[in-house]
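J.: Structure in structure tokens, see below.
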């Protein structure tokens, strides 16, 4: 890199350092854990939305309800 000016070298090194820091910060994801508590994330086994086949006119509103069951059979 003898042919590049000093400021360009510094820019390349800075970009490389930033890229390395960003990649290191990613750390491989959360592995399905809660980001605050560090506990395994809950797994849903069932999700139901009612009404199942709604018909909503343009500009109108309709209320929906959802219920979920986790792998430990806890309703959410």
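In mature numbering (1 follows the signal peptide of the UniProt record, and there is no 0), the protein residues as written are -19 to -1, 1 to 57.
Yeah, the Cβ is synthetic: ideal placement off N, Cα and C, and Gly gets one too.
My assumption, with CB atoms under 8 Å, is that residue 24 sits in contact with residue 51. Please give the rounded CB distance.
T.: Counting from 1 along the chain shown, the entry for residue 24 is found at position 43. Counting from 1 along the chain shown, the entry for residue 51 is found at position 70. About 6 Å separates the two Cβ atoms, so the contact holds.
J.: May I have the straight-line CA-CA distance separating residue 57 from residue -9, to the nearest angstrom?
T.: What you label residue 57 is simply residue 76 of the chain shown in a count that begins at 1. What you label residue -9 is simply residue 11 of the chain shown in a count that begins at 1. Distance between the alpha carbons of residue 57 and residue -9: 51 Å.
J.: I need the boundaries of the beta strand (DSSP E) containing residue 26, first residue and last residue.
T.: Taking the first residue of the chain shown as position 1, residue 26 is located at position 45. 25 to 31 is the extent of the beta strand (DSSP E) around residue 26.
J.: Since residue 29 and residue 47 are thought to touch, with beta carbons under 8 Å apart, how far apart are those beta carbons, to the nearest angstrom?
T.: Within the chain shown, numbered from 1, the residue matching residue 29 stands at position 48. Within the chain shown, numbered from 1, the residue matching residue 47 stands at position 66. Right, their Cβ atoms sit about 7 Å apart.
J.: Below 6 Å CB to CB, which residues in the same chain sit around residue 49 once its five sequence neighbours on both sides are set aside?
T.: Position 68 of the chain shown holds residue 49. Closer than 6 Å at the Cβ level, and outside the excluded window around residue 49, lie 25, 28 and 57.
J.: Which residue comes first and which comes last in the beta strand (DSSP E) that contains residue 46?
T.: The count along the chain shown starts at 1 and reaches residue 46 at position 65. Where residue 46 is concerned, the enclosing beta strand (DSSP E) stretches over 46 to 51.
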